[in-house]
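Numbered by our numbering, the letters in the sequence shown go through residues 199 to 469 in order.
Backbone N, C-alpha and C fix where the C-beta goes; we use that ideal spot for every residue, glycine too.
Note that this is a predicted model, so its numbers are computed, not measured.
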Amino acid sequence: MGLIAKEKYDQRKIDRLLDHLKIYFEKGRPIDFEIIVDGFKVVRRTSDIEMFGLYENHVDADTKSVEILLYSGTSNSNDKHIFFFGNAPKENFDGIDVDDQIENGVTQRLREQEFVKLQDKNKELEDEVKELEKEVERLEKTNEQLEASRSPLHGVLGSLGSSMVEAFIKRNPKIMASIPGGSALAGLLDDSIPPPPAEDVEVSFKPKSSEESSAPQVLSDLDQQALQFVNQLKAVFNKEEFNKINLILQSLAQDKSRFDSVFQTLNIQTN
Numbered sequence: 199m200g201l202i203a204k205e206k207y208d209q210r211k212i213d214r215l216l217d218h219l220k221i222y223f224e225k226g227r228p229i230d231f232e233i234i235v236d237g238f239k240v241v242r243r244t245s246d247i248e249m250f251g252l253y254e255n256h257v258d259a260d261t262k263s264v265e266i267l268l269y270s271g272t273s274n275s276n277d278k279h280i281f282f283f284g285n286a287p288k289e290n291f292d293g294i295d296v297d298d299q300i301e302n303g304v305t306q307r308l309r310e311q312e313f314v315k316l317q318d319k320n321k322e323l324e325d326e327v328k329e330l331e332k333e334v335e336r337l338e339k340t341n342e343q344l345e346a347s348r349s350p351l352h353g354v355l356g357s358l359g360s361s362m363v364e365a366f367i368k369r370n371p372k373i374m375a376s377i378p379g380g381s382a383l384a385g386l387l388d389d390s391i392p393p394p395p396a397e398d399v400e401v402s403f404k405p406k407s408s409e410e411s412s413a414p415q416v417l418s419d420l421d422q423q424a425l426q427f428v429n430q431l432k433a434v435f436n437k438e439e440f441n442k443i444n445l446i447l448q449s450l451a452q453d454k455s456r457f458d459s460v461f462q463t464l465n466i467q468t469n
């Protein structure tokens, strides 16, 4: 394939091509040429320079291009001179716009790179979500452990009161074993320790002497009232109901104005 020259239509350049053909024609070395106007072969391959000017009859206001092909000897190899009216079209191969193909290729490549970045970002977010889910699960387990270890007396007696009663129960296992329902209460506070077997023990309360270092301890009025109150609840409600009672008492403690509505709902007569 020979030279392919593309440029804006210029009559002077076309005239110079004609002069070139005349020189070789006069020297007895004619050059075959061909002229195409908008894809139509106006002058088919010939060396007759008298036919060169025929293309002008096909050029009008709508003409887009004039192609002049100069052949090398008898071969099909040629130099092609293309003159455009107006702006020259973009480079193309077999009707394919090269610039558009390049632009589309670059755009596609950028999209692929952006997609890869989004995939990496999505992977990072998925990892973060998994870590957060693990943290939530850990916190839920910790909360369950805290709830399990929390005294069931907390909602009834408050933080300070429940601590005092628990401390008393843990310090006095023998006394708790001798009180009806005391072993069950101790087991409620510590499920991991089975309650001691109930025995018919006669409890006597007398002043501690120097000879009786292991004499039974005397309960204070406050201790007796607390144990009696808890025992009464334990005798009536199971553990789940007991927890609900705690929640009701807590709610009433926070908003005492709701007492009347509770009484009306339960149809309780105060007199």
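Item checked: Short Cβ contact (8 Å threshold) for I266 with F223 -> Walking along the sequence shown from the start, residue 266 turns up at place 68. Walking along the sequence shown from the start, residue 223 turns up at place 25. Cβ distance not < 8 Å, so I266 and F223 don't count as in contact.
Check: Does the stretch 267-285 come close enough to the stretch 249-256 to have 3 or more Cβ pairs within less than 8 Å?
Finding: no
Item checked: Nonlocal neighbours in the same chain, by C-beta distance under 6 Å from I212, ignoring five residues either side -> For the purposes of this step, residue 212 is taken as the residue at position 14 of the sequence shown. Same-chain partners within the cutoff: there are none.
Note to self: If the criterion is Cβ atoms closer than 8 Å, does the pair I247 and L215 meet it?
What the structure shows: The count along the sequence shown starts at 1 and reaches residue 247 at position 49. The count along the sequence shown starts at 1 and reaches residue 215 at position 17. Taking C-beta atoms as the reference points, I247 and L215 fail to come closer than 8 Å.
Check: Between I233 and the rest of its own chain, which residues show a CB-CB distance below 6 Å, the 5 nearest in sequence each way excluded?
Finding: As a working mapping, residue 233 is identified with position 35 in the sequence shown. So the qualifying residues of the chain are V240, V241, Y253 and I266.
Check: What is the DSSP secondary structure of F403, counted as helix, strand or coil?
Finding: Taking the first residue of the sequence shown as position 1, residue 403 is located at position 205. With a pLDDT of only 42 at F403, under 50, the local geometry of the prediction cannot be trusted, and the value read off the model is given with reservation. Here F403 sits in coil by DSSP.
Margin query: Using the three-state DSSP reduction, which class does I247 fall into: helix, strand or coil?
Written below: Here residue 247 refers to the residue found at position 49 when the sequence shown is read from its first residue. Of the three classes helix, strand and coil, the one that applies to I247 here is helix, per DSSP.
Next item on the list: Please classify N276: is it buried, with 16 or more other beta-carbons within 10 angstroms of its beta-carbon, or exposed?
Entry: Position 78 of the sequence shown, counted from the start, is the residue given in the question as residue 276. Buried is the call here.
Notebook entry, point to check: Which partner residues does S263 have in the DSSP bridge list?
Noted result: The residue you call residue 263 lines up with position 65 of the sequence shown. Partner(s): F282.
Next item on the list: Look at the alpha carbon of N429 and the alpha carbon of N444, and state the distance between them as a whole number of angstroms.
Entry: Along the sequence shown, one-based indexing puts residue 429 at 231. Along the sequence shown, one-based indexing puts residue 444 at 246. Looking at the two C-alpha atoms, the distance is approximately 14 Å.
Next item on the list: Please name the residue or residues paired with E224 in a DSSP beta bridge.
Entry: Along the sequence shown, one-based indexing puts residue 224 at 26. BP columns for E224 are empty, so no partner.
Note to self: Run through the DSSP bridge pairs and tell me what E232 is partnered with.
What the structure shows: Stepping through the sequence shown from its first residue, residue 232 is reached at position 34. Looking at the DSSP assignment, E232 forms a beta bridge with L267.
Checklist line | CA nearest to the CA of L201, picked from G237, I229, R227 and Y269 | finding: Position 3 of the sequence shown holds residue 201. For the residues G237, I229, R227 and Y269, the minimum Cα distance to L201 belongs to Y269.
Item checked: I300 classed as buried or exposed, judged by whether at least 16 other C-beta atoms fall within 10 angstroms -> Within the sequence shown, the letter at position 102 stands for residue 300. That one is exposed.
Next item on the list: Please look up how many angstroms separate the CB atoms of F440 and L431, rounded, as I've assumed it's under 8 Å.
Entry: Here residue 440 is taken as the residue at index 242 of the sequence shown, counted from 1. Here residue 431 is taken as the residue at index 233 of the sequence shown, counted from 1. That pair is a contact at about 6 Å.
Check: Is L425 buried or exposed, if buried means 16 or more other CB atoms sit within 10 Å of its CB?
Finding: Counting from one through the sequence shown, the residue named residue 425 turns up at place 227. Label assigned to L425: buried.
Item checked: Residue burial classification, I229 (beta-carbon count within 10 angstroms, cutoff 16) -> Locating residue 229 in the sequence shown gives position 31, where the first residue counts as 1. Per the 10 Å Cβ criterion, buried.
Next item on the list: Determine the DSSP secondary structure at F313, reduced to helix, strand or coil.
Entry: To locate residue 313, count along the sequence shown from 1; it is residue 115. DSSP places F313 in helix when its eight states are reduced to three.
Check: How would you write the range of the alpha helix (DSSP H) that E439 sits in, first residue to last?
Finding: To locate residue 439, count along the sequence shown from 1; it is residue 241. E439 -> alpha helix (DSSP H) spans K437 to Q452.
Margin query: Helix, strand or coil, according to DSSP, for I212 in the structure here?
Written below: As a working note, residue 212 is residue 14 in the sequence shown. Here I212 sits in helix by DSSP.
Margin query: Whole angstroms are fine: how far does the CA of G237 sit from the CA of K204?
Written below: If you number the sequence shown from 1, residue 204 lands on position 6. If you number the sequence shown from 1, residue 237 lands on position 39. Between K204 and G237, the alpha-carbon positions lie close to 15 Å from each other.
Item checked: Boundaries (first-last residue) of the alpha helix (DSSP H) holding V428 -> What you label residue 428 is simply residue 230 of the sequence shown in a count that begins at 1. Its alpha helix (DSSP H) spans residues D419 to V434.
Item checked: 8 Å Cβ cutoff met for V264 and V235 -> Along the sequence shown, one-based indexing puts residue 264 at 66. Along the sequence shown, one-based indexing puts residue 235 at 37. Yes, the pair counts as a contact, with Cβ atoms nearer than the cut-off.
Next item on the list: Would you list the one or two residues that DSSP bridges to E205?
Entry: Here residue 205 is taken as the residue at index 7 of the sequence shown, counted from 1. According to DSSP, which records beta bridges pairwise, E205 is partnered with F281.
Check: Who are K239's beta bridge partners in DSSP?
Finding: Looking up residue 239 in the sequence shown gives position 41. Answer is I234.
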